[in-house]
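K.L.:
One structure, pasted below without further comment.
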Amino acid sequence: MSRDASTPAAGPPRTVACPACGAPCAFGPSNPWRPFCSERCRTTDLGAWASEAYRVPGKPDGEDSGGGNDEPQG
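Under this note's numbering, the residue at position 69 of the sequence shown is numbered 103, and the numbers go up by one with no gaps.
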């Protein structure tokens with residue numbers, strides 16, 4: 035008998051490490067905070083995003099080679 039691809043596999047949910055604290059936690063419908071282990075870890079991560087603790091490195095403002103020149107051309 036074949037199983038439909040949209041049907042989840044029977045058995046325990048997959049376990050992953052919490053991105054905030056590293057504790058093992060269930061990655062499935064039984065964990066409302068997935069991929070985090072708890073509401074506390076989820077809120078801590080959200081706070082880090084809000085305070086801009088996670089940043090993507092980029093060029094300093096003076097080295098921007100984009101099309102935003104202030105000087106008129108021509």
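C-beta atoms are modelled at their ideal positions from N, C-alpha and C, and glycine is treated no differently. All of these numbers come straight from a predicted model, not from anything done at the bench.
Taking the C-alpha atoms as reference points, what is the distance between R48 and A84?
P.N.:
Residue mapping note: residue 48 aligns to position 14 of the sequence shown, counting from 1. Residue mapping note: residue 84 aligns to position 50 of the sequence shown, counting from 1. Cα to Cα, the separation comes out at about 29 Å.
K.L.:
Hey, would you say P58 sits closer than 9 Å to C71, going by beta carbons?
P.N.:
In the sequence shown, counting from the first residue as 1, residue 58 sits at position 24. In the sequence shown, counting from the first residue as 1, residue 71 sits at position 37. Contact: yes.
K.L.:
With a CB to CB cut of under 7 Å and the five nearest residues on each side skipped, what residues in its chain are close to A54?
P.N.:
The residue you call residue 54 lines up with position 20 of the sequence shown. Taken in chain order, the residues that qualify are F70, C75, T78 and D79.
K.L.:
Quick one: grab the DSSP three-state call for A51.
P.N.:
One-based indexing of the sequence shown puts residue 51 at position 17. Strand, per DSSP.
K.L.:
Measuring alpha carbon to alpha carbon, tell me which of R68, G56 and A60 ends up nearest P46.
P.N.:
Taking the sequence shown and counting its residues from 1, one reaches residue 46 at position 12. Ranking the options by Cα distance to P46, first place goes to A60.
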